[in-house]
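> Numbering (this note's numbering), first residue to last: 1212 to 1333. Beta carbons: idealized from backbone N, C-alpha and C, even for Gly. Mind having a look at this structure? Questions to follow.
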């Protein structure tokens, strides 16, 4: 019986002598892999965030350029230029107002139809 207990003790001691170095190496390798992959992941996330920010900036710039083009077009068109304030202030409906509205809608529809990213002029 004493031999059986000694054998179990020796077996456990030998097992721990073998298992502890293996587990230590696995732990160190696991920590190194986690550090490397988290560094790579952080770099990729930063790169993706910069790409998204650049994409948003490009779209915002395109929208502001379109607004600027519309502003220049409306500012240079005499019928619309003279009728813009009247459209906002008048309450009645006259043939002159209808002509200004039609011209205004014509300009908006041209810009809406010629650009695929503008879905509506309203």
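#1: Inspect the beta-carbon positions of residue 1277 and residue 1326 and report whether they are closer than 8 Å.
#2: On the DSSP letters alone, give me the boundaries of the alpha helix (DSSP H) that residue 1308 sits inside.
#3: Nearest-angstrom Cα distance between residue 1235 and residue 1252?
#4: Would you report the Cα separation of residue 1273 and residue 1311, rounded to the nearest angstrom?
#5: Tell whether a beta-carbon distance below 8 Å holds between residue 1284 and residue 1318.
#6: By how many angstroms is the C-alpha of residue 1271 removed from the C-alpha of residue 1263?
Walking through what the data contain:
#1: yes
#2: Residue 1308: member of the alpha helix (DSSP H) spanning 1306 to 1325, first to last residue.
#3: 25 Å
#4: 27 Å
#5: yes
#6: 12 Å
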